[in-house]
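Novice: Structure incoming, see below.
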Amino acid sequence: MSVALFVLMPPSGFRAASVSLSFGLRGLFGARRRAGLPPIALLDAISEDGPKLAAFRPEYASSLRAACPGLRIEPLRFFRPALAPRIRPSVSPRTAAAGRLRRWRARVVDDATGEPVSEALVVVLTRAKERAGAEAATDASGIARFSIPSSISRAEQILVYPKSGFWGALRRDVLLDAPAEIRLRPAEPSWPGALAHFFGGATATAGRG
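Be aware that the sequence shown starts at 1, since it is given in the working numbering, and climbs by one per residue.
So this is what it looks like as structure tokens:
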């Protein structure tokens, strides 16, 4: 069986009540080396009495628990943010509609203050079903600039994905004969969201060890 990565932790919390746990692990590692047994490699540690990253075969977990009663052994897991998929254009409007191009721009601002929102991704879909459109990021002035065929007079959808601090936005059936302004609502901690919906009125520190 191949070597796997594990996190070694004290019986409770993230800090051992004494250094005996660390000494017990060191003694076990040294004994295995002296006996010529396959090693249990300690790769990293947050601190002397904190969680440790180790590499060993899964069947060695029992010897670890025997040497250090109460030791928690957890497989190393990787987590990624749960991000909603973004709709992106797959066909350029230049390909979808031939002809002369004209400049068009959208300005993205904070709905509360009117200040520009930079680094927001603006997606303009002229034919949403076919994902025909273009995308651009807002500059320091909150402006995203586009080159759109003159034959296209409206966008079926305009989507805005802010980098952080704001809720996104969706606008439908937008005329392209004039610049557009899109206002984003700040993502305030007090705003009801999924956490409040599923877990009620729990405090922000609920469950903290």
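C-beta atoms are modelled at their ideal positions from N, C-alpha and C, and glycine is treated no differently.
How do the segment 115–128 and the segment 150–159 stand: do at least 3 beta-carbon pairs fall below 8 Å, yes or no?
Specialist: Touching, yes, given that three or more Cβ pairs across the two stretches are closer than 8 Å.
Novice: For the segment 48–116, which segments carrying the alpha helix (DSSP H) assignment without a break, of at least 4 residues, lie completely within its bounds, in sequence order?
Specialist: The qualifying runs are 61–67 and 93–96.
Novice: Within the continuous beta strand (DSSP E) that includes D44, where are the two ends?
Specialist: Per DSSP, D44 belongs to the beta strand (DSSP E) from A41 to A45.
Novice: Below 8 Å on the Cβ atoms is my guess for F56 versus V117; work out the distance and round it to an integer in Å.
Specialist: So it is not a contact: roughly 49 Å between Cβ atoms.
Novice: Using 8 Å as the Cβ pair cut-off and three pairs as the minimum, do the segment 56–71 and the segment 139–151 touch?
Specialist: Counting Cβ pairs under 8 Å, fewer than three are found: no touch.
Novice: Please tell me whether F154 and L175 are closer than 8 Å, where the distance is taken between their beta carbons.
Specialist: Checking the sequence, you will find Arg at residue 154 rather than Phe. Closer than 8 Å, so yes.
Novice: Could you compute how far the alpha carbon of A132 sits from the alpha carbon of L71?
Specialist: Approximately 56 Å between the Cα atoms of the pair.
Novice: In three-state DSSP terms, what is S128?
Specialist: Before going on, a small fix: residue 128 reads as Ala here, not Ser. It is helical.
Novice: For the beta strand (DSSP E) containing I143, list its first residue and its last residue.
Specialist: First-last of the beta strand (DSSP E) with I143: I143 to P149.
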